[in-house]
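Q: The letter at position 60 of the sequence shown is residue 50 when you use the working numbering, and the numbering goes up by one with no holes.
Beta carbons: idealized from backbone N, C-alpha and C, even for Gly.
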Amino acid sequence: MVVKDTLHQTEEKMKKAIESTQRYFNEVRTGRATAALVEGMRADYYGTPTMLKQLATISVPEAHLLIIQPWDPSVIVEIEKVVLKSNLGVMPSNDGKIIRLSFPPVSKERRDELAKVIKKMAEDGRVSLRTIRRDANESVKKLETDKLISEDDRFRGQEQVQKITERYIANIDKILEEKEKEISGS
């Protein structure tokens, strides 16, 4: 029972690490417009930092164009500021009602650079998972040291921690592979 609690906590932490890695991947611009590039950005809305997806409709009418249409036109200037401060590298244009973001095609050099960036992100995600694994293994060892579980239970617990870790590392590898295809195909 005690080992199951540790395994459950480990799995929850690993899920969060995967979600974090996925968020970082979503922020990488591949030349294709996607709502994920801007929806998490926060604009000042009457003194409160608010995510763009809560302030506006974000649509992608074509592969290299993203449109942000705020529900309240008074916030358009704030949204424009946030987009300019971001690392998207695009100039927003607005007509008073909507903001257009036009994404130019990505050069070969930039694709190579992006490939390196996402590989580093994936490795950071794996390191995070390994750190969680190490902490879980230490918790299981402590349970044995405190005489709460047997040596066999410790080995089984550590084996299960390893299986969970391998599953989540495979998940990161899959996400990386998909992002690499997206970068090379844009």
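In whole angstroms, what separates the C-alpha of Gln59 from that of Ile48?
A: Here residue 59 refers to the residue found at position 69 when the sequence shown is read from its first residue. Here residue 48 refers to the residue found at position 58 when the sequence shown is read from its first residue. One C-alpha to the other measures close to 6 Å.
Q: Check for me: the alpha helix (DSSP H) holding Val50 runs from which residue to which?
A: Position 60 of the sequence shown holds residue 50. Premise fails: Val50 lies in the beta strand (DSSP E), Ala46 to Glu52, not in any alpha helix (DSSP H).
Q: Between the alpha carbons of Glu170 and Val72, how many angstroms are there, rounded?
A: Here residue 170 corresponds to residue number 180 of the sequence shown, with the count starting at 1. Here residue 72 corresponds to residue number 82 of the sequence shown, with the count starting at 1. Looking at the two C-alpha atoms, the distance is approximately 27 Å.
Q: Quick check on the DSSP output: the beta strand (DSSP E) that includes Ser76 runs from which residue to which?
A: Stepping through the sequence shown from its first residue, residue 76 is reached at position 86. Looking at the DSSP string, Ser76 is not in any beta strand (DSSP E), and its letter there is neither H nor E.
Q: Check whether the segment -4 to 12 and the segment 148 to 167 are in contact - that is, three or more C-beta pairs closer than 8 Å.
A: Yes, the segment -4 to 12 is in contact with the segment 148 to 167.
Q: Does the beta carbon of Tyr14 fall short of 6 Å from some heavy atom of the ligand SAH?
A: In the structure shown, the ligand SAH is absent, as is every other ligand, since no ligand is present at all.
Q: Taking C-alpha atoms, which residue in Asn127, Pro95, Ile173 and Glu113 lies nearest to Ala7?
A: Here the question's residue 7 lines up with position 17 in the sequence shown. The residue with the shortest Cα to Cα distance from Ala7 is Glu113.
Q: Can you pull the DSSP bridge partners for Leu56?
A: Working through the sequence shown from its first residue, we reach residue 56 at position 66. Bridge partners of Leu56: Leu91.
Q: According to DSSP, is Ser174 helix, strand or coil?
A: The residue labelled residue 174 in the question sits at position 184 within the sequence shown. Residue state, collapsed to three classes: helix.
Q: State buried or exposed for Val130, treating a residue as buried only when at least 16 other CB atoms are found within 10 Å of its CB.
A: Taking the sequence shown and counting its residues from 1, the one referred to as residue 130 is at position 140. That one is buried.
Q: Tell me which residue opens and which closes the beta strand (DSSP E) that Met41 is part of.
A: Looking up residue 41 in the sequence shown gives position 51. It spans Thr38 to Met41 - the beta strand (DSSP E) in which Met41 sits, taken as one unbroken run.
Q: For my contact list, Val65 and Leu56 are in at a C-beta cut-off of 8 Å; report their separation, rounded to the angstrom.
A: Within the sequence shown, numbered from 1, the residue matching residue 65 stands at position 75. Within the sequence shown, numbered from 1, the residue matching residue 56 stands at position 66. About 17 Å separates the two Cβ atoms, so there is no contact after all.
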